[in-house]
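Per our numbering, residue 3 is the first one in the sequence shown, and the count goes up by one each step. C-beta atoms are modelled at their ideal positions from N, C-alpha and C, and glycine is treated no differently. Each remark here refers to the structure printed beneath this line.
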Amino acid sequence: HRDSDAEALIYSQYHNLVPAWELLKTTPDQTKGARIGDFVRLLLIYHYGGVYLDSDMVTCKDLTPLLGPPGVATFPLVNSVAGGIVNAVFAGPPRHIVFRMALEMQSKNKKLNTQAIIRATGPKQLGDALDAYFEKTHTPRIVNFIEKEQLPEPENDSMWIQSGLIRFGAIE
3 HRDSDAEALI YSQYHNLVPA WELLKTTPDQ TKGARIGDFV RLLLIYHYGG
53 VYLDSDMVTC KDLTPLLGPP GVATFPLVNS VAGGIVNAVF AGPPRHIVFR
103 MALEMQSKNK KLNTQAIIRA TGPKQLGDAL DAYFEKTHTP RIVNFIEKEQ
153 LPEPENDSMW IQSGLIRFGA IE
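The following block contains the structure:
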């Protein structure tokens with residue numbers, strides 16, 4: 003997909019995202035392409051479903067497990083240093099609520115084109131959407147992201163999980 007394809011999709015089917023799209027196009031610095039890319043990847047997975055991989059990702063295993071059971075979104079990587087979901091790879095069915103919530107949150111952000119990219123459209127923003135998903139669905143949080151430096155020493159010879167397959171079911 004090109005920017006023009008995303009724009010046509012937004013203008014034809016997602017009118018509520020038009021202001022965010024127009025704001026992203028006015029990004030005043032070199033982060034413009036990355037911001038638009040972050041936004042479009044969520045839009046396309048929300049609209050079509052499937053697996054998203056950054057272009058620098060190399061698959062060494064079958065991607066089928068990312069698709070999970072019907073109605074489930076999957077986020078297989080966690081950045082233990084930054085304390086967040088990695089938005090370089092994820093998967094889900096069309097219209098999964100967590101992707102809709104992420105897009106809606108971005109569409110309400112009046113600083114979408116100037117706020118730090120990690121917070122505006124990147125991994126921290128996706129983490130915020132997951133937090134909102136947990137709250138809305140009353141799902142017990144199975145993952146709590148905090149800065150690595152704030153973690154206490156693990157007890158009983160255990161260790162902190164650094165990455166793993168994290169899945170969230172849909173409620174719609």
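Query: When DSSP builds the beta bridges, which residues end up paired with leucine 65?; Result: Leucine 65 is not bridged to any residue.
Query: Answer yes or no: do tyrosine 88 and valine 53 have a C-beta to C-beta separation smaller than 9 angstroms?; Result: What sits at residue 88 in the sequence shown is valine, not tyrosine. Contact flag unset, no.
Query: Can you say whether asparagine 115 is buried or exposed, counting buried as having 16 or more other CB atoms within 10 angstroms of its CB?; Result: buried
Query: Taking the straight line between their C-alpha atoms, what separation do you get for glutamine 49 and histidine 17?; Result: The sequence given here has histidine at residue 49, not glutamine. Taking the straight line from one Cα to the other gives about 14 angstroms.
Query: Quick check on this structure: which residue in Ile38, Thr29, Pro21, Ala22 has the alpha carbon closest to the alpha carbon of isoleucine 4?; Result: The residue asked about is misnamed: residue 4 is arginine in this sequence, not isoleucine. When only C-alpha atoms are compared, the closest one is Ile38.
Query: Decide if the segment 104-124 is in contact with the segment 27-47; the criterion is three or more beta carbon pairs, one per stretch, under 8 angstroms apart.; Result: yes
Query: For the segment 91-130, list the alpha helix (DSSP H) runs that are entirely contained and at least 4 residues long, ordered along the chain.; Result: 99-110, 119-122
Query: Kindly indicate which residue of Pro30, Gln32, Ala8, Tyr135 has the alpha-carbon position closest to the one of tryptophan 23.; Result: Ala8
Query: Looking only at DSSP bridge pairs, what is threonine 33 linked to?; Result: Answer is none; threonine 33 lacks a bridge partner.
Query: In chain order, what residues of the same chain have a beta carbon less than 6 angstroms from the beta carbon of alanine 134, not counting five sequence neighbours either side?; Result: Met103
Query: Tell me which residue opens and which closes the alpha helix (DSSP H) that leucine 26 is part of.; Result: 20-26
Query: In the DSSP assignment, the alpha helix (DSSP H) including tyrosine 13 goes from what residue to what residue?; Result: 5-15
Query: Which term fits glutamine 127, buried or exposed, when burial requires 16 or more other beta carbons within 10 angstroms of its beta carbon?; Result: buried
Query: Check threonine 76 in the structure and name its three-state DSSP category.; Result: strand
Query: Within a Cβ cutoff of 7 angstroms, which residues of the same chain sit near lysine 27, ignoring the five residues on either side of it in sequence?; Result: none
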